[in-house]
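Number of protein chains: 2
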Amino acid sequence: MAVYTDVSDEVLETFLQGYDLGEVLAFKGIAEGVENSNFYLHTSKGMFILTLYEKRVREDDLPFFMGLIAHLADKGLPCPRPVADRANRIINPLAGRKAALVTFLEGISHRRPSPLHCGELGRALARLHEAGSNFDQRRPNALGKDSWSGLAQSCLVRADTLSPGFADRIRSAMERLEKNWPQDLPQGIIHGDLFPDNVFFRGNALSGLIDFYFACTDSLSYDLAICLNAWCFEADGSYNLTKGQALLQGYASLRPLSVAEQRALARLCEGAALRFLLTRLIDWLNVPEGAQVRPKDPLEYDRKLAFHSRMYEARDYGYD
Amino acid sequence: MAVYTDVSDEVLETFLQGYDLGEVLAFKGIAEGVENSNFYLHTSKGMFILTLYEKRVREDDLPFFMGLIAHLADKGLPCPRPVADRANRIINPLAGRKAALVTFLEGISHRRPSPLHCGELGRALARLHEAGSNFDQRRPNALGKDSWSGLAQSCLVRADTLSPGFADRIRSAMERLEKNWPQDLPQGIIHGDLFPDNVFFRGNALSGLIDFYFACTDSLSYDLAICLNAWCFEADGSYNLTKGQALLQGYASLRPLSVAEQRALARLCEGAALRFLLTRLIDWLNVPEGAQVRPKDPLEYDRKLAFHSRMYEARDYGYD
Numbered sequence: 003m004a005v006y007t008d009v010s011d012e013v014l015e016t017f018l019q020g021y022d023l024g025e026v027l028a029f030k031g032i033a034e035g036v037e038n039s040n041f042y043l044h045t046s047k048g049m050f051i052l053t054l055y056e057k058r059v060r061e062d063d064l065p066f067f068m069g070l071i072a073h074l075a076d077k078g079l080p081c082p083r084p085v086a087d088r089a090n091r092i093i094n095p096l097a098g099r100k101a102a103l104v105t106f107l108e109g110i111s112h113r114r115p116s117p118l119h120c121g122e123l124g125r126a127l128a129r130l131h132e133a134g135s136n137f138d139q140r141r142p143n144a145l146g147k148d149s150w151s152g153l154a155q156s157c158l159v160r161a162d163t164l165s166p167g168f169a170d171r172i173r174s175a176m177e178r179l180e181k182n183w184p185q186d187l188p189q190g191i192i193h194g195d196l197f198p199d200n201v202f203f204r205g206n207a208l209s210g211l212i213d214f215y216f217a218c219t220d221s222l223s224y225d226l227a228i229c230l231n232a233w234c235f236e237a238d239g240s241y242n243l244t245k246g247q248a249l250l251q252g253y254a255s256l257r258p259l260s261v262a263e264q265r266a267l268a269r270l271c272e273g274a275a276l277r278f279l280l281t282r283l284i285d286w287l288n289v290p291e292g293a294q295v296r297p298k299d300p301l302e303y304d305r306k307l308a309f310h311s312r313m314y315e316a317r318d319y320g321y322d
Numbered sequence: 003m004a005v006y007t008d009v010s011d012e013v014l015e016t017f018l019q020g021y022d023l024g025e026v027l028a029f030k031g032i033a034e035g036v037e038n039s040n041f042y043l044h045t046s047k048g049m050f051i052l053t054l055y056e057k058r059v060r061e062d063d064l065p066f067f068m069g070l071i072a073h074l075a076d077k078g079l080p081c082p083r084p085v086a087d088r089a090n091r092i093i094n095p096l097a098g099r100k101a102a103l104v105t106f107l108e109g110i111s112h113r114r115p116s117p118l119h120c121g122e123l124g125r126a127l128a129r130l131h132e133a134g135s136n137f138d139q140r141r142p143n144a145l146g147k148d149s150w151s152g153l154a155q156s157c158l159v160r161a162d163t164l165s166p167g168f169a170d171r172i173r174s175a176m177e178r179l180e181k182n183w184p185q186d187l188p189q190g191i192i193h194g195d196l197f198p199d200n201v202f203f204r205g206n207a208l209s210g211l212i213d214f215y216f217a218c219t220d221s222l223s224y225d226l227a228i229c230l231n232a233w234c235f236e237a238d239g240s241y242n243l244t245k246g247q248a249l250l251q252g253y254a255s256l257r258p259l260s261v262a263e264q265r266a267l268a269r270l271c272e273g274a275a276l277r278f279l280l281t282r283l284i285d286w287l288n289v290p291e292g293a294q295v296r297p298k299d300p301l302e303y304d305r306k307l308a309f310h311s312r313m314y315e316a317r318d319y320g321y322d
C-alpha cells in the first residue's frame, strides 16, 4: 500500500485544467498498489483513478499498457479505460512523474475466492486472451524464464536464512525447468499478475480486471498457470481441486487448451511458482529497516513449487 | 497517511451484515489520517468513511466524539454524520479494533487557503462554537496548557539537535505563558485541530469539517488562535494580515469577541503555537528508523512562537 508522491490541491487543479472532467468533488490517496502512487478522484463527470508511475514502471512501457487497456475495454473487457486530456494525450507529467487517469471500476476483490469466482476468472482470462489476439503492440516478458537465473543470482546466497535447504530447492527447480520448459505454445498478450486483489466482483459476477503493469507477450497457458497458483490454493498450502476445475473449465469453455498446452501445464505452473518465489524472495531480503509494508511470504511459493514438481499434466489440476 | 489495520472482504462483509447499507460497490484503504485506519466505502446506499481506531484514540472518548458530530450535523454543520447499525449502535468491533462508519463529505482541502477560504473558515468556526453550546457532554483538553510541561519533559533534552537554543526558547515561552495565560474566558466545545487538511471546500464554499478527535471543552478563543496559526501564515513564515482579517471578521460576524478575548488573543496564539510545537517535536524525535511517514517540521512553530511573543492583542492580528 502506498502513496509515494504527494499531490497538492494546486498541483491537481493545474493538471486537471488539461482535462474536461468538471468539478472535483473528492480526491484521496489510496493505500493500494505496491509499485505506483494511486489516487481516487471523484468529479462531477464521474469517478477515476489517478496513477503516478514510480521508478519500477518503465516510462517507455506506458504507451503499451495504456494502449492495451483501451483495446481490451473496446472489446468489452471490464478493465479501466484511459481518460484522454483535451489534446487527446493519455500520459502527462504530474509532480515530477508520468501520470495517467483511468475510469474507476466498481466491485470488491475477494481474498479467498470461491469456486464460482474461479469459474468467472477462468472465463475472463480466456476473453482477455482472445481480445488481446488482435492488439498490435508487443512487449517481452521482463520476468519470463530467461530472467530467472539473473533474479536467482541476487538472492540465492541468502535464501537459506528463510528455510534450511531453500537455495538448493530453488536451484534444482531451475535445472528441471531448464531441461523441460515447454516450447512453441500459443503466444499472445498475457496479464501476468492476475491475483485475486486485481479482480473485482459484484456478488459472484466479475466486474473488473486491473493492474496491467506486468502485461506482456508470452505463452497464453503460462497466464493460466499463474492464476492456478494464485487462486486455487488454500491458506494451509493445499490445492483445491474444485477451484482448479472451475477455473480450467471456465477458461476452456471459451478457449480449450491444445494437447501441447495440456501436457505443458504442470511445468508452466512450476515456472510460475518459481517466478513469484524469486521476486518475493528478493523483496523479502530487501525490505528497508522499519518499513511499514510487510512483504509477501516467499515460502508460500516454495510449497507450491514442491506440489507442482509432482504433477504431470492439465488433468492433474482438474482439466476435463 | 496510513492504513494500520488490514480489513479483508470477509471481515468487512460480516461487519456490514449488522448495517442496512445495501451492496458494497467499492472499498479502498485511504492514505489519510495519522492516528487511525480509514477506508472509503461506497455502497448502493451511499458513500461512507469507515474508521478503525488505533491506540492513540482512547476508546472511552469515542462516545463523546460520535455524539458531538451527530449533534453538530443536526445543527446543520457540514460534518460527517455517524451511521448506526440495525441495533442503533454507532461503535462496533472490527478486526480487533473499535470502528465507526460516518457519511462521506464531498470537497477538497486546500493546502494554501485564500483569504476567501479563511473567511469561510471563520464563519464555520463560530457556527461550530454556537452549535456546541448546548451539547451535553464534556471532555477535558488532554493537550491543554496543563499538559505542556509534561510534553516538554519528554523532548526538551534533545530539542537543540534541531536548532541551537531551541530548548531555551521553549522554556522561556513556557515561563511567559505560565505567568500570562488568560483565565476565565468563555468556554465551550472546541475542534482543537482545525487545520486546512481537515476542511473541505467546493469552489470557495466550505463543504466539510472533519477529524474531531481532538475536540474537547476549552476556551473558544483558543480554537480561533489555533486556526490563526494554521491558516494565516505563508510558507516562508510570514503572517498574512489579509487572511487574518478575513478569518477574524468571518468569526466575529457570528460571534464577536469579548474585550477579554480580544486582549487575550496574542497569548492564546502563543500557547497554540507552543502546543503544536511540542507535539510535532515529540513526533520528530520519535520517528521509527526507515518509516515512510515524514513528520511535520517543529521549527515552523518555533518561528510562529517568536512572532506571537511580539504581539499584544486581537487588533494586531487584523481584528476590527
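Chains as they are written, first to last, in the working numbering: chain C, 3 to 322; chain A, 3 to 322. All C-beta atoms in this analysis are idealised placements derived from N, C-alpha and C, irrespective of residue type, glycine included.
On the criterion of 16 or more Cβ atoms from any shown chain inside 10 Å, does residue i qualify as buried, or is it exposed?
i	result
A/R125	buried
C/K245	buried
A/M3	With a pLDDT of only 39 at A/M3, under the threshold of 50, the placement of this residue in the model should not be trusted; the figure read from the coordinates follows. Its Cβ being crowded by 16 or more others within 10 Å, A/M3 is buried.
A/T16	exposed
A/Q19	exposed
C/G320	buried
A/L243	exposed
A/T163	exposed
A/V159	exposed
A/A207	exposed
C/G134	buried
A/P166	exposed
A/V201	buried
A/D220	buried
Is the Cβ of residue i closer than 8 Å to any Cβ of chain C?
i	result
A/A33	yes
A/K30	yes
A/E177	no
A/R140	no
A/T7	no
Using a Cβ-Cβ distance cut-off of 8 Å, determine whether residue i contacts chain A.
i	result
C/R113	yes
C/A161	no
C/L27	yes
C/Y55	no
C/S10	yes
C/F108	One detail in the question is off: residue 108 of chain C reads as Glu in this sequence, not Phe. True, the Cβ-Cβ gap to chain A drops below 8 Å.
C/Y21	no
C/R204	yes
C/Y42	yes
Considering only the beta carbon of each residue, do residue i and residue j sit closer than 8 Å?
i	j	result
A/F309	C/I110	no
A/A275	A/K306	yes
A/L270	A/A232	no
C/P84	C/A72	yes
A/S10	C/R296	no
A/L145	A/A266	no
A/L123	A/C218	no
C/A97	C/L283	no
C/I212	C/L64	no
A/A75	A/R257	no
C/L54	C/R99	yes
A/L222	A/Q189	yes
My understanding is that residue i touches residue j, with C-beta atoms under 8 Å, so please give their C-beta distance in whole angstroms.
i	j	result
A/I92	A/M68	5 Å
C/F216	C/D238	Wrong, their Cβ atoms sit about 27 Å apart, outside the cutoff.
A/I32	A/N38	Contact doesn't hold; Cβ gap of about 11 Å is too wide.
A/T45	A/V26	5 Å
A/G24	A/K47	4 Å
C/I192	C/L70	Not a contact, Cβ separation roughly 11 Å.
C/W150	C/L280	6 Å
C/D304	C/R171	6 Å
What's the gap between the Cα of residue i and the Cα of residue j?
i	j	result
A/L153	A/L249	30 Å
C/Q185	C/E315	15 Å
C/M176	A/A86	56 Å
C/Y224	A/V13	32 Å
C/D318	C/P117	17 Å
A/Y104	A/R204	The sequence shown places Val at residue 104 of chain A, rather than the Tyr named in the question. So the two alpha carbons sit approximately 20 Å from each other.
C/A89	C/D22	10 Å
A/Q264	A/P198	24 Å
C/Q156	A/L287	Correcting the residue identity first, residue 156 of chain C is Ser in this sequence and not Gln. Using only the alpha carbons, I get a separation of about 35 Å.
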